[in-house]
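Letter by letter, the sequence shown follows residues 1 to 339 in full-length UniProt numbering.
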Amino acid sequence: MSQVSLPQSQHPDLPLTALAPMQDVTNLWFMKVIAHYGSPDYFFTEYFRVNDTSRLNRNILAAITENDTGRPVFAQMIGESIPDLVRTAKELCNYNIAGVDLNMGCPAPRIYRKNVGGGLLLSTEKVERILGELRQAVNDRPLTVKMRVGFENTDNFYKILDIINRHSIDLLSLHGRTVKDMYHGAVKYDLIAEAVKRVDCPVLANGNIHSATTALKVLSQTGAAGVMVGRWAIGNPWLFNQIRQALRGEAIAPVPLVEVRNYIDRLWQTPTAATMPVRSRVGYLKMFLNYIALSVDAEGHFLRLMRQTQTEVELLNLCDRFLVADLTKTLALAPYLGV
C-alpha cells in the first residue's frame, strides 16, 4: 500500500517540528498556549485509551474538534486489541485529523505492563499484526508511529523498522532511549540515524532536545526530517520559534523573564482552574514550573523555593520575586545543567 502525503508544513523550507504527545499536558488548552508563542508544524494528542469498552475521550477529542491553532493535529491511540484499535482508528478518521498515531513508546510501568505503549516493543509479531490491520483501515490518512529504540535492549529495533517499511508507515517519531531508560541516560542519536537510513518514511528525532542548538546538532547527526520536543517545550514554549531562528542562521531572540511570568499566568488561567481545588491548582502549576525553573537561575534557587511553596499566593509571589524584579534578565537558551 502506498504511503499517504503528510500535511504541508507552515515552513516548507525548514525541517519539521512537532510537540510530543504528553499525557495530562498536551490538551487543547496547552496547544493554544504553545501556539501563542510559536506553533510547531505538528501537534499530537494525548493518547486515546483503546480496549473492548473504550469510547473516544471527549476532552482529548476537543484538541481536534475545537483546535483553532491552524496546525495539523495527529490523533494518538494506545492499546493492543486489534479489533478495537481498528474500530477506534476508523472513528477518529471521521474527524479533522492529520493522521492516526500509534503509541509504541510510553515508558510508564502501569502502561507497559498491560502490553501497550512501550510494552508492544517486546513482541514483533504483535506489532506486525497491529500495523498490518491499521494500515488497511487507515488508507486515506497518514498512519504514524511513536516509539522508542527498544524495551530493555535494542534487539528488536531493526526488525520493527522493517515492519514499519512493510506496512508503509507515513511518519516515525523515534525517542532514542529504551522504555526501561525512561527519561534517564544518554539518548542514542546514532540509532535514530540508523533508522533514518533504514525506513522509507520521514523520521522525527525525539529525546532531550532542550535548546535550538541541540536541535541543530541532532538534525545534523541523525539526518532526521525534523525534531519532536516534549518536556523542554513546557519549560520554554518559545523553543519552536528559536529552533526556526537557528535553522535560518538568525540570532535567537532572548526571552525576558517578565515574559515567562506572563506565560505562567496563561498556564494558571486554564479553563478548568475555576473548578480545581487550590491545592490541585498549585500542584498543576508546579508540574510546569519544574521545567521552567531549570532555565531561570543557574543556582537552582527558584526551583528549590518553588517546590517549598504551599499556597497560591506564596507561589505567585515567588514568581514575581524571581521573574519581574529585574527586567534585564532573560530565560536561558538551554536549561542549566546540574540544577
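From the three backbone atoms N, C-alpha and C, an ideal C-beta is built for every residue, glycine too.
Only a predicted model underlies this, so the values are computations on that prediction, with no experimental measurement involved.
Between the region 239–247 and the region 207–222, the count of C-beta pairs closer than 8 angstroms reaches three or more; the two stretches touch.
Annotation for R55: no alpha helix (DSSP H) segment contains it, and DSSP assigns it neither H nor E.
Using a C-beta cut-off of 8 angstroms, the region 82–90 makes contact with the region 36–54, since at least three inter-stretch Cβ pairs fall below that distance. For I252, the secondary structure class from DSSP, reduced to helix, strand or coil, is coil. With contacts defined by Cβ atoms closer than 8 angstroms, L143 and L134 form a contacting pair.
Fewer than three Cβ pairs drawn from the region 227–241 and the region 195–202 lie within less than 8 angstroms of each other, which leaves the two stretches out of contact.
Note that the region 289–305 touches the region 259–272; at least 3 beta-carbon pairs, one per stretch, sit closer than 8 angstroms. With contact defined as three or more Cβ pairs closer than 8 angstroms, the region 293–306 and the region 174–187 are not in contact. Restricting attention to C93, K146 and A98, the CA atom closest to the CA of A137 is found in C93. Under the three-pair Cβ rule at 8 angstroms, the region 23–39 counts as touching the region 61–80.
Scanning its chain for C-beta atoms nearer than 6 angstroms, with the 5 sequence neighbours on each side dropped, one finds around V324 the residues V258 and R261, in chain order. By the neighbour-count criterion, in which a residue is buried when 16 or more other Cβ atoms sit within 10 angstroms of its Cβ, D41 is buried. Taking the Cα positions, V278 is about 30 angstroms away from P107.
Here DSSP, grouped into helix, strand and coil, assigns M228 to strand. Counting only the Cα atoms, I97 lies some 11 angstroms from D140. DSSP places E80 outside both helix and strand once states are collapsed to three, so it counts as coil. According to DSSP, V203 shares a beta bridge with L172.
Exposed is the label assigned to G338, since fewer than 16 other Cβ atoms lie within 10 Å of its Cβ.
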